[in-house]
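When the letters of the sequence shown are read in order and numbered with the working numbering, they come out as residues 320 to 560. Yeah, the Cβ is synthetic: ideal placement off N, Cα and C, and Gly gets one too. Bear in mind the structure is a predicted one, so any value in this text is a computation, not a measurement. Each remark here refers to the structure printed beneath this line.
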Amino acid sequence: MKRIAMRSDSYREFFKAEYMMGPNCLRLLDEILECYPLQYTAENKALDLGCGTGVTSLFIARETGATVYANDLWIAKENNGRRFADWNMQEQLIPMQEDANEMHFEKEMFDAVISIDAYHYFAGKEGFFADKILPYIKRGGIALIVIPGIKKEYEGRSEELLNTWAGDDSYMFQSTDFWKRIIGSHADMEEVRTWEMSSFDLAWQEWFDTGHEFALNDQSFYEEMIKPFTNFVGIMVRKKQ
Ligand SMILES: C[S@@+](CC[C@H](N)C(=O)[O-])C[C@H]1O[C@@H](n2cnc3c(N)ncnc32)[C@H](O)[C@@H]1O
Numbered sequence: 320m321k322r323i324a325m326r327s328d329s330y331r332e333f334f335k336a337e338y339m340m341g342p343n344c345l346r347l348l349d350e351i352l353e354c355y356p357l358q359y360t361a362e363n364k365a366l367d368l369g370c371g372t373g374v375t376s377l378f379i380a381r382e383t384g385a386t387v388y389a390n391d392l393w394i395a396k397e398n399n400g401r402r403f404a405d406w407n408m409q410e411q412l413i414p415m416q417e418d419a420n421e422m423h424f425e426k427e428m429f430d431a432v433i434s435i436d437a438y439h440y441f442a443g444k445e446g447f448f449a450d451k452i453l454p455y456i457k458r459g460g461i462a463l464i465v466i467p468g469i470k471k472e473y474e475g476r477s478e479e480l481l482n483t484w485a486g487d488d489s490y491m492f493q494s495t496d497f498w499k500r501i502i503g504s505h506a507d508m509e510e511v512r513t514w515e516m517s518s519f520d521l522a523w524q525e526w527f528d529t530g531h532e533f534a535l536n537d538q539s540f541y542e543e544m545i546k547p548f549t550n551f552v553g554i555m556v557r558k559k560q
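Structure follows, in C-alpha cells:
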C-alpha cells in the first residue's frame, strides 16, 4: 500500500546511525506536529527537551519557524553546537546541556516544549510536569511529547513481558492511561490528552535500516516483543491563557 507523503521525507539525509538514537524521531515528531501544527517566527521560543543529536531541533526550527533551545543531558552541548554550525542553523538553534530535573530557564519563556523519545527517562513521577515543565511554558502555550509505551491490554506487565529486551528500562514502558494520570492536573492546565501514535512500523523500520548496532539488537526482538506489546504514546498538554 502506498504511504502518504510526510514532511520528514525530505529529511532522509538524517536517517542515519550518526544522528538516530532510536526509532526514527523525525517520523514521530512529524506525526505529532501534524496533529498540533505550530506556526511561529524566530521571536517565539521552543524547547526541545532531550534533543539527542539535535535533528528534531532542526526539524522544529525549520518547520515551525521558532528559535529552538536544544537541550540534552548525554550529548555535550559543544557537539550539538558544532553540528548546528555545520547546518548553518546556529542563529536558530541554541545548544544546552541541563538535567530536565533542574533547568534554569526564565519562567513562561517557551511557546512550546517538545520532547521525543526522552520524557520517560526522567518524568515518570506524579507532579513532575506541573513542577518542572509547566512553569516554563507561556500562557496559552503547549507541550508535545512522544515516548515509547505499552499497549493498554498489557498495562502493568512491562517488566514481565519486555525484560529480556529492555532489561532495567522495562518499567518505563507505560500505557496512555498511566501517562494521563502521571501528567495529572493543575489550575493552569487547560487540557491533557494522551493517545497511541500511528508511525510505529515506519519509525522502527527506519531505525533498523540505519544498521546501528543497537538497532540490530532491537530488530532481533521486534516480532517477538516490541511489535506485539509496545506502542508510541503521544501526550499533549495545553496551558491556560
Ligand atoms: C533515546 S535518546 C532520544 C534522543 C532524541 N530525542 C531522539 O529521539 O533521537 C533519549 C535522550 O534523553 C536524554 N535525557 C535522558 N535523561 C535526561 C534528563 N534528565 N535531562 C535531559 N535529557 C535527558 C538523553 O540525553 C538522550 O539523548
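query                                                                                              : result
Secondary structure of N536, DSSP reduced to three states                                          : helix
Exposure of R346, with buried meaning 16 or more beta-carbon neighbours within 10 Å                : buried
CB contact flag (A389, P414, <8 angstroms)                                                         : yes
Distance, K426 Cα to P454 Cα                                                                       : 6 angstroms
Short Cβ contact (8 angstroms threshold) for N482 with F519                                        : no
Proximity of R401 and I461 at Cβ, strictly below 8 angstroms                                       : no
Own chain residues within Cβ distance below 7 angstroms of T495, not counting five before or after : G468, K471, T513, W514, E515 and V552
Contact with chain C by Q524, beta-carbon distance below 8 angstroms                               : No chain C appears in this structure, which consists of one protein chain only.
Buried versus exposed, by CB contacts within 10 Å (16 or more), G530                               : exposed
For S376, the three-state DSSP class (helix, strand or coil)                                       : helix
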